[in-house]
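Student: Throughout the sequence shown, residue numbering follows the working numbering, covering 4 to 215 in sequence. Each residue gets a CB set at the ideal place from its N, CA and C atoms; glycine is no exception.
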Amino acid sequence: MKIIKAGYEILTAISEGGIAELQHIEKIGRVCYKSEDKITEDGESARKFVKMLIDRGHEAMIEHSSLSVKFIVDRGVSHELVRHRIASFAQESTRYCNYSKDKFGKEITVIEPCFFSPLSDSYTFWKHAMESAEAHYFSLLDSGVTPQEARSVLPNSTKTEITITANYREWRNFFKLRTAKAAHPQMREVTIPLLAELKKKLPIIFDDIIAE
Ligand SMILES: Cc1cc2nc3c(=O)[nH]c(=O)nc-3n(C[C@H](O)[C@H](O)[C@H](O)COP(=O)(O)OP(=O)(O)OC[C@H]3O[C@@H](n4cnc5c(N)ncnc54)[C@H](O)[C@@H]3O)c2cc1C
Numbered sequence: 004m005k006i007i008k009a010g011y012e013i014l015t016a017i018s019e020g021g022i023a024e025l026q027h028i029e030k031i032g033r034v035c036y037k038s039e040d041k042i043t044e045d046g047e048s049a050r051k052f053v054k055m056l057i058d059r060g061h062e063a064m065i066e067h068s069s070l071s072v073k074f075i076v077d078r079g080v081s082h083e084l085v086r087h088r089i090a091s092f093a094q095e096s097t098r099y100c101n102y103s104k105d106k107f108g109k110e111i112t113v114i115e116p117c118f119f120s121p122l123s124d125s126y127t128f129w130k131h132a133m134e135s136a137e138a139h140y141f142s143l144l145d146s147g148v149t150p151q152e153a154r155s156v157l158p159n160s161t162k163t164e165i166t167i168t169a170n171y172r173e174w175r176n177f178f179k180l181r182t183a184k185a186a187h188p189q190m191r192e193v194t195i196p197l198l199a200e201l202k203k204k205l206p207i208i209f210d211d212i213i214a215e
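(1) Would you say residue 19 and residue 48 are within 8 Å of each other, going by their C-beta atoms?
(2) Return the CA-CA distance between residue 46 and residue 176, expressed in angstroms with no decimal places.
(3) Please confirm whether any heavy atom of ligand 1 lies closer than 7 Å to the CB of residue 195.
(4) Which residues share a DSSP beta bridge with residue 13?
(5) According to the Cβ coordinates, are residue 9 and residue 89 closer than 8 Å?
(6) According to DSSP, is residue 92 part of a helix, a strand, or is it coil?
(7) Taking Cβ positions only, does residue 96 come closer than 8 Å to chain C?
(8) Rounded to whole angstroms, what's the CA-CA distance from residue 152 to residue 100? Just pull it up for me.
(9) Taking 8 Å as the limit between beta carbons, can you name the residues of its chain near residue 107, skipping five residues before and five after?
(10) Tell me whether the beta-carbon of residue 11 lies closer than 8 Å to the beta-carbon of residue 73.
(11) Given a cut-off of 8 Å on the beta-carbon distance, is the pair residue 67 and residue 13 in contact?
(12) Quick one: what's residue 167 bridged to in DSSP?
(13) Assign residue 106 to one of three DSSP states: helix, strand, or coil.
(14) Which ranges does the alpha helix (DSSP H) cover as unbroken runs of at least 4 residues, wholly within the region 107-171, from first to last along the chain?
(15) Within a Cβ cutoff of 8 Å, which residues of the same chain sit near residue 65, ignoring the five residues on either side of it in sequence?
(16) Quick check: the Cα distance between residue 69 and residue 135, rounded to an integer number of angstroms?
(17) Between the region 153-168 and the region 121-128, can you find at least three pairs of beta-carbon atoms closer than 8 Å?
(18) Could you give the distance in angstroms between the alpha-carbon of residue 97 and the alpha-carbon of residue 158?
(19) For residue 39, collect the residues of the same chain with a Cβ closer than 8 Å to its Cβ; drop the 5 residues on either side in sequence, then sort them by chain order.
(20) Which class does residue 40 belong to by DSSP, given the choice of helix, strand or coil?
(21) Assuming the contact rule is C-beta atoms closer than 8 Å, residue 205 and residue 42 should be a hit. Round their C-beta distance to whole Å, please.
See below:
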């Protein structure tokens, strides 16, 4: 059994300073106001214009965008991610993946819970439960059942990879909900650093969202 930490990877290429992405929204948004004459090549007009859209709540304009992120999280977190109906998803399937195969190292992979200290009793209890689940999963496969049947004993901590594609408006809604204190700690473990990285790479769009 492999134990790994949760993580993410931004799959969409973002231009230098995120200016091309803002200019794309500006080009579309200025149609509303017929103010295309105010566009400047250096991206300054785009920064101001997109900020104005967000400040005014004219967020429909930032739907003309796309951002894909791959999350490496446990199945519990992925159940929460897929509740975001406006987004599109592609997820590692426990129906089709057979973790007894060589390409998976003949073992299951689980996500280390960020709230248990590796030296604590809680961690030891969790680890034993994972090892027991893995042993039963392999026993089921050995008995001849299919991966989609054996998966019924896989734990919530099973690692999954899930790619989410959504527009910036949906990502804004996502970050407001999923970086908040009320969100699950394992959700915040990945969303808070992701939001911070996006703020650095893509100005304006997420600037007003403060992770508590
Ligand atoms: C702290 C927390 C606790 C939660 N606890 C639970 C729980 O105990 N049980 C549970 O079942 N879920 C729970 N959820 C999930 C929650 O109910 C939502 O399903 C999830 O957060 C997705 O939010 P959303 O609808 O805003 O996102 P999306 O589905 O991505 O929707 C984005 C936005 O589009 C609009 N929209 C989408 N669909 C509609 C629609 N049909 N009608 C009108 N407007 C729409 C809304 O403005 C919405 O905010 C919890 C979420 C959080 C953050």
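Tutor: So, to answer that:
(1) Against the sequence shown, residue 19 aligns to sequence position 16. Against the sequence shown, residue 48 aligns to sequence position 45. For residue 19 and residue 48, no; Cβs fall outside 8 Å.
(2) Translated into positions along the sequence shown, residue 46 becomes position 43. Translated into positions along the sequence shown, residue 176 becomes position 173. Across the structure, residue 46 and residue 176 are spaced so that their CA atoms are roughly 25 Å apart.
(3) By one-based count along the sequence shown, residue 195 stands at place 192. For ligand 1, not one heavy atom lies less than 7 Å from the Cβ of residue 195.
(4) To locate residue 13, count along the sequence shown from 1; it is residue 10. DSSP lists 72 as partners of residue 13.
(5) Against the sequence shown, residue 9 aligns to sequence position 6. Against the sequence shown, residue 89 aligns to sequence position 86. Taking 8 Å as the Cβ cut-off, residue 9 and residue 89 do not qualify as a contacting pair.
(6) Numbered from 1 along the sequence shown, position 89 holds the residue referred to as residue 92. Residue 92: strand per DSSP, three-state reduction.
(7) Absent here is chain C; the protein component of the structure consists of one chain.
(8) Position 149 of the sequence shown, counted from the first residue, corresponds to residue 152. Position 97 of the sequence shown, counted from the first residue, corresponds to residue 100. In this model, residue 152 and residue 100 are separated by some 12 Å (Cα to Cα).
(9) What you label residue 107 is simply residue 104 of the sequence shown in a count that begins at 1. Excluding positions up to five away in sequence, the list reads 100, 101.
(10) For the purposes of this step, residue 11 is taken as residue 8 along the sequence shown, with counting starting at 1. For the purposes of this step, residue 73 is taken as residue 70 along the sequence shown, with counting starting at 1. Taking 8 Å as the Cβ cut-off, residue 11 and residue 73 qualify as a contacting pair.
(11) Counting from one through the sequence shown, the residue named residue 67 turns up at place 64. Counting from one through the sequence shown, the residue named residue 13 turns up at place 10. No; because the gap between Cβ atoms is not below 8 Å, this pair is not in contact.
(12) Along the sequence shown, read from residue 1 onward, the residue named residue 167 stands at position 164. DSSP lists 72, 92 as partners of residue 167.
(13) For the purposes of this step, residue 106 is taken as residue 103 along the sequence shown, with counting starting at 1. When secondary structure is reduced to three states using DSSP, residue 106 falls in the helix class.
(14) The region 107-171 contains these whole alpha helix (DSSP H) runs: 124-145, 150-153.
(15) Sequence index remark: in the sequence shown, residue 65 carries index 62 (1-based). Only 28, 53, 56, 57, 170, 171, 172, 175, 208 meet the Cβ criterion.
(16) For the purposes of this step, residue 69 is taken as the residue at position 66 of the sequence shown. For the purposes of this step, residue 135 is taken as the residue at position 132 of the sequence shown. Using only the alpha carbons, I get a separation of about 41 Å.
(17) No, because fewer than three Cβ pairs between the region 121-128 and the region 153-168 fall closer than 8 Å, the two stretches do not touch.
(18) On the sequence shown, residue 97 is found 94 positions in, with the first residue counted as 1. On the sequence shown, residue 158 is found 155 positions in, with the first residue counted as 1. Straight-line measurement puts the Cα of residue 158 at about 11 Å from the Cα of residue 97.
(19) As a first step, residue 39 is located in the sequence shown; it is residue number 36 there, counting from the start. Cβ neighbours of residue 39 beyond the five flanking positions: 30, 33.
(20) Start at 1 with the first residue of the sequence shown, and residue 40 comes out as number 37. Looking at residue 40 - three-state DSSP - the assignment turns out to be helix.
(21) Taking the sequence shown and counting its residues from 1, the one referred to as residue 205 is at position 202. Taking the sequence shown and counting its residues from 1, the one referred to as residue 42 is at position 39. That belief does not hold up - the Cβ atoms of residue 205 and residue 42 are roughly 19 Å apart, past 8 Å.
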